[in-house]
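Structure first, commentary second.
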Amino acid sequence: MAVSKGNRSSQGLEYPYDEHPVKGTTIEVADGVRWLTMPMWGSLTHINLYLLEDEDGWFVIDTGLGTNDTKKLWHTIFDNELGGKPVKGVICTHMHPDHIGQAGMITEHFRVPLYMTRGEFYQARSFATGGPSHHSSWIGQEFYTRYGMPANYLEKLAKMWSGRSTGKMSMMSMPTAFPSGFHRLEDGDVLSIGDHHWEVVVGSGHSPEHACLLCRGLKIMISGDQILPIITSNVSVHPTEPEANPLKAWMESHDKLLSTPEDTFVLPAHNLPFFGVRERLRQLINHHEERMLALEEFCVEPQTAQALLPVLFKRKLDPRQTMMALGEAIAHCHLLMYRDRIERTLHEDGAYRFTATDPVHAQEPRLDTRDDVPTLA
Ligand SMILES: [Zn+2]
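If you read the sequence shown in the working numbering, its first letter stands for residue 12, the second for the next number, and so on.
Here's what the structure looks like:
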C-alpha cells in the first residue's frame, strides 16, 4: 500500500492513502483502527469497512453485501487479520444492504450483538421480512403518477424490482437472516473500545437515523455514507413515505456535523479516507443549494417532477437511475416547498406541477451544476 502524506485534490481535500487495502487484508490507519474493503456492485466497486480493537476482541463497523464472495472474504479476515481474537460486536452505521448484508452471518458466527440506532434497525427488519412491494401496489402507482412518470415506467420498474428480489442486491439474499435483536445506539452515546472513546453522532436524510462514530482522542470519524468525499449520497423521497422531507434532515445534519473538529481524519464507506471534513460539508451544502436554485428557475413555468430530471442530471438514465433521480428531484422540491420557494398543485391528469412562488428571484443568473448520474451509495 502506497502512502503519500499531503496528497491534495483539486477540491481542497487531502487523501493520505492512494489505494484501498487489498481484498482479504487490512491496513492499520490508527492505533486499534483497521481498514478493509469488500466488493460492491456497479460503479461503486467497493465499500470500506473498519475494525476497532478492544482488549479481548474486535468490533466490526459495517459488513458488506450479503453475497458469498463477501462472506468468504470475511472468513479470510477472521483467520488472518484478527490476531487470534474474536469479533465481539457488529456496529452498522445504517440499514442499506452494503452495510448490513453480513450482519447476520457475523453475529451468528461469533454469537455477539448487533449495535444500531433504533430507526435503522427497524427499517432493516421491515425490509428483511419482506411484505408487499409498493412498486406493485396502488401506493407506488399513485406516487409515480403524481410525479409525472409514464405508465410503461411503472411496468419497467415492477419488472426490475421482481428481478432484484432474487438478485445479489437484495436484502433477502443475505446468507444468514438479519438479526432479530439489537443493542440500541443513540446520538451522544460513548462507546469505550480499547483505550479510546467513540461518540455516536447521528445524522439523517440518506437514511433515517445514520450513526457516525467520532473519536476525539484519535481525531478520527467513521462516517458511513453520511459524509463521502467524492460522490454524493442519495437523498430521496420514496413511495413508502411520499410526503417526507429528507433533504431538510440532510441539510440540518450537515449544519450539525460542521462542528466536527477541522483536523479530523474521516473514514468514509466509499472513496478514500480524507482530511477536510468541514470543506467537504460546505461543498455538499452548496451543491444542494445550487441544485435547488436551478430547479426554482426552471419552475417559473409549472413543471412535473419528471420534467426536472434533465435539470439535475445530464446523462440518459436507466429505470433504476431514473427512480433514484426522481426521488432526489422530489426531495429537492419538498425542501423548496418547505421554504416557500415553490408551490405544488395537483392537475387533472393526476400529476403535480411545481411552480416558483417568486419568478423574479427564480430567474437570477445561475451556474450549471448538474451531475452526471445519480449516485447509488
Ligand atoms: Zn447508504
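Just so it is clear, CB atoms sit at the ideal spot from N, CA and C, and this is done for glycine as well.
Remember, predicted model here, so these are calculated numbers, not experimental data.
Any heavy atom of ligand 1 closer than 7 angstroms to the Cβ of residue i?
| i | result |
| --- | --- |
| His249 | no |
May I ask you to report which of helix, strand or coil DSSP gives residue i?
| i | result |
| --- | --- |
| Met232 | strand |
| Gly130 | helix |
| Ser203 | strand |
| Leu269 | coil |
| Asp65 | strand |
| Met183 | Its pLDDT being 47, under 50, Met183 is placed unreliably in this model, and the coordinates cannot settle the point. |
| Thr333 | helix |
| Leu283 | coil |
| Gln113 | coil |
| Leu125 | strand |
| Thr156 | helix |
| Lys99 | strand |
| Phe309 | helix |
| Gln374 | coil |
| Ile296 | helix |
| Leu357 | strand |
| Leu328 | coil |
| Ala3 | Missing from the structure shown is residue 3; the chain here goes from 12 to 388 and no further. |
| Tyr164 | helix |
| His107 | coil |
| Gln237 | coil |
| Ile242 | coil |
| His194 | strand |
Does the beta-carbon of residue i have 16 or more other beta-carbons within 10 angstroms, so that it is buried, or is it exposed?
| i | result |
| --- | --- |
| Gln237 | buried |
| Gln134 | buried |
| Asp73 | buried |
| Pro284 | buried |
| Thr275 | buried |
| Trp46 | buried |
| Arg350 | exposed |
| Ser247 | buried |
| Gln113 | buried |
| Val11 | Because the chain is modelled from 12 through 388, residue 11 falls outside the range shown and cannot be assessed. |
| Met180 | Only weak support exists for where Met180 lies, its pLDDT of 46 falling under 50; the value from the coordinates is given anyway. Met180 is buried by the Cβ-count criterion. |
| Leu357 | exposed |
| Val277 | buried |
| Asn163 | exposed |
| Trp69 | buried |
| Ser445 | Here the chain has residues from 12 to 388 only, and residue 445 is not among them. |
| Pro250 | buried |
| Glu339 | buried |
| Ala188 | exposed |
| Asn91 | exposed |
| Asn297 | exposed |
* Environment of ligand 1 in chain order, Cβ to heavy atom below 5 angstroms -> His107 and Asp236
* Which ranges would you report for the beta strand (DSSP E) in the region 15-57 if only whole runs of at least 3 residues count? -> 38-41 and 44-50
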